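For what it's worth, numbering that gives the first Met the number 0 labels the leading residue of the sequence shown as 0, then goes sequentially.
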Amino acid sequence: MEISKEEFENIANLSALSSDKINENLRLDLGKIISRFESLKKIDTSNIHPTAHVTNLENALREDISDKELDNENIMLNSPDSNSGQIKVPRVFENE
């Protein structure tokens with residue numbers, strides 16, 4: 000399938016290609032690519048089921064189960080610095 004110069008310039012404009020980058024070889028190459036897709040349209044796929052994934056793998060999910068909970072007192076004992084039940088950490092942002 001050959002692409003007319005007008006169609007090609009429209010495609011170039013839509014893809015933000017500058018006019019100095021547009022040349023005849025690029026137009027011909029684009030026509031060849033589109034021809035390949037045109038040949039794919041001729042393939043009979045009526046008996047083929049659409050697929051979103053090529054494998055039949057599914058997510059293996061499990062229930063979230065609570066394990067040992069940490070109490071606030073033990074957390075504060077293990078933190079290097081705390082104040083009023085809150086852990087002190089180094090500054091992340093500096094005043095500007």
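Don't be surprised by glycine CBs; every beta carbon is placed ideally from N, CA and C.
These figures come from a predicted structure and were not determined experimentally.
Problem - Euclidean distance between Cα positions of ASN24 and ALA51 - result: Position 25 of the sequence shown, counted from the first residue, corresponds to residue 24. Position 52 of the sequence shown, counted from the first residue, corresponds to residue 51. Approximately 36 Å between the Cα atoms of the pair.
Handout entry: Identity of the residues DSSP links to ILE86 by a beta bridge
Key = Counting from 1 along the sequence shown, the entry for residue 86 is found at position 87. Its beta-bridge partners are SER81.
Exercise for the section: Let me know if ILE32 comes out buried or exposed under the rule of 16 or more other beta-carbons within 10 Å of its beta-carbon. Expected result: Taking the sequence shown and counting its residues from 1, the one referred to as residue 32 is at position 33. The residue is exposed, with fewer than 16 neighbouring Cβ atoms inside 10 Å.
Practice task
Excluding the 5 residues preceding and the 5 following LYS87 in the sequence, name in chain order all residues of the same chain whose CB lies nearer than 7 Å to its CB.
Solution key: Here residue 87 is taken as the residue at index 88 of the sequence shown, counted from 1. Cβ within range, chain order: ASP80, SER81.
Handout entry: Alpha carbon of PHE36 to alpha carbon of THR44, nearest angstrom
Key = Sequence index remark: in the sequence shown, residue 36 carries index 37 (1-based). Sequence index remark: in the sequence shown, residue 44 carries index 45 (1-based). Cα to Cα, the separation comes out at about 14 Å.
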